[in-house]
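A.B. asks: Taken in sequence, the protein lines are chains A and B. Residue 1 is where the first sequence starts when you use the working numbering, and the numbers rise one by one after that. Residue 1001 is where the second sequence starts when you use the working numbering, and the numbers rise one by one after that. Beta carbons are placed, not taken as given, at the ideal position from N, Cα and C, and that holds for glycine. Remember, predicted model here, so these are calculated numbers, not experimental data.
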Amino acid sequence: GESVGLHLPTLSVQEGDNSIINCAYSNSASDYFIWYKQESGKGPQFIIDIRSNMDKRQGQRVTVLLNKTVKHLSLQIAATQPGDSAVYFCALEAGNMLTFGGGTRLMVKP
Amino acid sequence: EPEVTQTPSHQVTQMGQEVILRCVPISNHLYFYWYRQILGQKVEFLVSFYNNEISEKSEIFDDQFSVERPDGSNFTLKIRSTKLEDSAMYFCASSDGGSWQPQHFGDGTRLSIL
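1. Taking Cβ-Cβ distances below 9 Å as the criterion, which residues of the segment 71 to 105 of chain A are in contact with chain B?
2. With 16 other CB atoms within 10 Å as the buried threshold, where does Lys1083 (chain B) fall?
3. For Ile21 (chain A), collect the residues of the same chain with a Cβ closer than 6 Å to its Cβ; drop the 5 residues on either side in sequence, then sort them by chain order.
4. Helix, strand or coil, according to DSSP, for Val108 (chain A) in the structure here?
5. Give a yes or no on contact between the segment 1005 to 1025 of chain B and the segment 1083 to 1095 of chain B, applying the rule of three or more CB pairs nearer than 8 Å.
6. Please identify the residue among B:His1010, B:Ser1073 and B:Asn1051 whose C-alpha is closest to the C-alpha of Val1004 (chain B).
7. Using only alpha-carbon positions, find the residue among B:Ala1088, B:His1104 and B:Ser1009 that is nearest to Gly1040 (chain B).
8. Ignore the nearest five residues each way along the sequence and tell me which others in Ser12 (chain A)'s own chain have a CB closer than 7 Å to its CB.
9. Our contact map puts Arg57 (chain A) next to Ile48 (chain A) with C-beta atoms below 8 Å; I'd like the distance itself, whole angstroms only.
10. By Cβ distance below 8 Å, which residues in the same chain neighbour Ser1099 (chain B) in space, the five residues on each side in sequence not counted?
11. Could you check whether the Cβ of Pro44 (chain A) sits closer than 8 Å to any Cβ belonging to chain B?
12. So, under 8 Å CB-CB, Ala86 (chain A) and Gln14 (chain A) are touching, yes? Tell me the CB distance rounded to an integer number of Å.
13. Which chain B residues sit within Cβ distance under 7 Å of Arg61 (chain A)?
14. Output, in chain order, the set of chain A residues within a Cβ distance shorter than 8 Å of Ser1066 (chain B).
15. From B:Met1015, B:Pro1070 and B:Asn1051, pick the residue whose C-alpha is nearest to that of Arg1080 (chain B); which is it?
16. Could you check what DSSP says for Leu6 (chain A) in three-state terms: helix, strand or coil?
17. For a cutoff of 8 Å on Cβ pairs, would you count Trp1120 (chain B) as touching chain A?
18. Have a look at B:Leu1114, B:Tyr1050, B:Phe1032 and B:Asn1051 and flag the residue whose alpha-carbon is nearest the alpha-carbon of Asp1104 (chain B).
19. Which residues in chain B sit within 8 Å of Tyr32 (chain A), going by Cβ to Cβ distance?
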């Protein structure tokens, strides 16, 4: 079955630095990928998505990169701020459901 | 900004009892979902719902579970004869498309089975 994995469970960065959160997946049939942010006591919040016909997509301070060859997805956050501290999940769509990764906790040091 | 709302935020129930978790999806969305997250584990898909019927369900979603859209705004998850292992956060989500459209999540209901 599908599996989605995270390379690092915790990432600690200095405020103002860039953050990179990685995600590996195994289902080559997946064609839609999403990054979510989850703050304590809240549900997953949509950040950015990308379809499989793209390899890069940019939002406000965030960039998602997709490498289908090695089945790897990354989220880059520019100029990381304290408000970015949260758990970040990658999720891939298969059929009508999302399969989530285990999450990476991003800690921003002032 | 439109959001998915879930009630209650915390539900405590005795083992064997039935619970109903409630969700109000974003108003113009047509696709509805339930997920759960056991403490310390991944978010897991339970069921998707479109056009008043289940479109997909996971192995977790057995006969103990059911979903319903009783009116034009609510979407419910019923768990019959609850077990200790049903304790988890339950998230409702909605989207305005079946594929390639982001699912938007509520803040969840924490279900505690005693």
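C.D. replies: Let's see:
1. Phe89, Ala91, Glu93, Gly95, Asn96, Met97, Leu98, Thr99, Phe100, Gly101, Gly102 and Gly103
2. Locating residue 1083 (chain B) in the second sequence gives position 83, where the first residue counts as 1. It counts as exposed.
3. For the purposes of this step, residue 21 (chain A) is taken as residue 21 along the first sequence, with counting starting at 1. Around Ile21 (chain A): Leu75, Tyr88 and Thr104.
4. Numbered from its first residue, the first sequence carries residue 108 (chain A) at position 108. In the structure shown, Val108 (chain A) sits in a strand (DSSP, three-state: E or B).
5. yes
6. As a working note, residue 1004 (chain B) is residue 4 in the second sequence. The residue with the shortest Cα to Cα distance from Val1004 (chain B) is B:Ser1073.
7. Within the second sequence, the letter at position 40 stands for residue 1040 (chain B). Comparing Cα positions, the closest option is B:Ala1088.
8. In the first sequence, the residue the question calls residue 12 (chain A) occupies position 12. The answer, listed in chain order, is Met107 and Lys109.
9. Working through the first sequence from its first residue, we reach residue 57 (chain A) at position 57. Working through the first sequence from its first residue, we reach residue 48 (chain A) at position 48. About 6 Å separates the two Cβ atoms, so the contact holds.
10. Within the second sequence, numbered from 1, the residue matching residue 1099 (chain B) stands at position 99. Same-chain partners within the cutoff: there are none.
11. Within the first sequence, numbered from 1, the residue matching residue 44 (chain A) stands at position 44. Yes - at least one Cβ of chain B is within 8 Å of the one on Pro44 (chain A).
12. Here the question's residue 86 (chain A) lines up with position 86 in the first sequence. Here the question's residue 14 (chain A) lines up with position 14 in the first sequence. About 17 Å; that fails the 8 Å criterion.
13. Residue mapping note: residue 61 (chain A) aligns to position 61 of the first sequence, counting from 1. Chain B residues near Arg61 (chain A): none, gap ~18 Å exceeds 7 Å.
14. Taking the second sequence and counting its residues from 1, the one referred to as residue 1066 (chain B) is at position 66. Ordered by position in chain A, no residue passes the 8 Å Cβ test against Ser1066 (chain B), which lies about 18 Å from the chain.
15. Here the question's residue 1080 (chain B) lines up with position 80 in the second sequence. Residue B:Met1015 is the option with its Cα nearest to Arg1080 (chain B).
16. One-based indexing of the first sequence puts residue 6 (chain A) at position 6. In this predicted model, Leu6 (chain A) has a pLDDT of only 43, less than 50, meaning its place in the structure is not dependable enough to derive any value.
17. This structure cannot speak to residue 1120 (chain B), because chain B is shown only from 1001 to 1114.
18. Counting from one through the second sequence, the residue named residue 1104 (chain B) turns up at place 104. The amino acid occupying residue 1104 (chain B) in the given sequence is His; Asp does not appear at that position. Here the closest residue by C-alpha is B:Phe1032.
19. Within the first sequence, numbered from 1, the residue matching residue 32 (chain A) stands at position 32. By Cβ distance, chain B contributes Ser1099 and Trp1100.
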